[in-house]
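Chains as they are written, first to last, in the working numbering: chain A, 1 to 110; chain B, 1001 to 1117. Think of the CB as a built atom: it goes at the ideal place given N, C-alpha and C, for glycine as much as any other residue. Keep in mind that this is a model prediction, so the values were computed, not measured. Encoded as C-alpha cells, the structure appears first; notes follow it.
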Amino acid sequence: DAKTTQPPSMDCAEGRAANLPCNHSTISGNEYVYWYRQIHSQGPQYIIHGLKNNETNEMASLIITEDRKSSTLILPHATLRDTAVYYCIVRVPNRGQFYFGTGTSLTVIP
Amino acid sequence: EAGVTQFPSHSVIEKGQTVTLRCDPISGHDNLYWYRRVMGKEIKFLLHFVKESKQDESGMPNNRFLAERTGGTYSTLKVQPAELEDSGVYFCASSPRRLAGVWNEQFFGPGTRLTVL
C-alpha cells in the first residue's frame, strides 16, 4: 500500500513555481520515488522519478532530501494546464506495480 | 508512436451482466498492468502481466474478475457477473521490459469508465 503522505490540496498562482511536498519516512534504500499526475479523469501521466539525487526534466524538478525521507516536486512556471492531482509514489523494487495514495490536488489560479 | 489504448471508453451495464474491457499496450512493452479507481477512492492495482504470464494478481478483488493477455499483446479484463460496486474507471498501463533489475515508468491509457446499474 501507499507509503507516502501528501497535503490534500494546494493553490499556486499562474507563472509562479509550484512546490509539492511528499513525506516518505519509511522509504528503503533501493526504493525509487515517482511522481505522476492525473488531469481531470484522464489516465495518470508520468512526470519524473529519482532515487537519491535531484532530477530535472522538461516538465519538472525533483528534490530529494539527503536522508530520503521526503521530496519536493517543483513545477518551475505553473500554467492553468498544470491543474491536476499529483501523486507521489514509492516504488517497491521487486514489484512492478504502483501503489497510489490520495495525492495533492493542485489548482493553478490565474 | 501510439500510446496505450483502451476500449470502450464508457460502458453502462446492468447488474448481473458481463462486460469485457480491452487494453492495447504500447507495441513491444512486455509489462501490462490493470488498475481501477472506484468513486471517491484511490487508484488501486489489480494485476500485472509480463508478456502473457500473470506476474502478480494480488489486487484482483474476487473471482468475478478474469484477466487474460493472449499472445502477450493486448489484454482483456472480464467482469462476470458485474455488481454495483464494480463501477469505476479501469486503467491499463504498460512499460518496457525490465533491464538490469530496473523498472521503467508506466504509460497509462485513458481508462474505461464502467457504470453498473
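Residue i versus the options, residue with shortest Cα-Cα distance
i               : options                               : result
residue 16(A)   : 89(A), 100(A) and 78(A)               : 78(A)
residue 1084(B) : 1022(B), 1067(B), 1002(B) and 1015(B) : 1015(B)
residue 25(A)   : 3(A), 32(A), 46(A) and 38(A)          : 3(A)
residue 1106(B) : 91(A), 65(A) and 101(A)               : 91(A)
residue 45(A)   : 1116(B), 1115(B), 1111(B) and 1117(B) : 1111(B)
residue 1117(B) : 1088(B), 1009(B), 1066(B) and 1034(B) : 1088(B)
residue 1006(B) : 1104(B), 1103(B) and 1092(B)          : 1092(B)
According to DSSP, residues forming a beta bridge with residue i
i               : result
residue 1107(B) : 1094(B)
residue 1051(B) : DSSP, once it has assigned bridges, lists no residue as partnering residue 1051(B).
Simplified DSSP state of residue i, which is helix, strand or coil
i               : result
residue 1113(B) : strand
residue 16(A)   : coil
residue 1016(B) : coil
residue 1071(B) : helix
residue 1084(B) : helix
residue 1044(B) : strand
residue 26(A)   : coil
residue 1062(B) : coil
> Listed from N- to C-terminal order along the chain, which residues in the region 44 to 60 of chain A have their beta-carbon within a distance smaller than 8 Å of any beta-carbon of chain B?
Replying inline: Across the region 44 to 60 of chain A, CB contacts with chain B closer than 8 Å involve 44, 45, 46 and 49, in sequence order along the chain.
>> Under 8 Å, CB to CB, which of the residues in the region 1103 to 1114 of chain B have a partner in chain A?
In response: Within the region 1103 to 1114 of chain B, the residues whose Cβ lies closer than 8 Å to some Cβ of chain A are 1103, 1105, 1106, 1107, 1108, 1109, 1110, 1111 and 1113, listed in chain order.
>> Please give the ranges of any beta strand (DSSP E) in the region 60 to 95 of chain A, keeping only runs that are unbroken, at least 3 residues long and fully inside the region.
In response: Listed in chain order, they are 61 to 64, 70 to 75 and 84 to 91.
> Quick one, which residues of the region 90 to 102 of chain A are near chain B if we go by CB-CB under 8 Å, in chain order?
Replying inline: Answer in chain order: 91, 93, 95, 96, 97, 98, 99, 100, 101 and 102.
> Residues in the region 1031 to 1042 of chain B with C-beta within 7 Å of chain A's C-beta atoms, listed in sequence order?
Replying inline: The residues in question are 1031, 1033 and 1042.
> Between the region 1064 to 1097 of chain B and chain A, which residues of the former have CB atoms less than 9 Å from a CB of the latter, in chain order?
Replying inline: Residues passing the 9 Å Cβ filter: 1089, 1091, 1092, 1093 and 1095.
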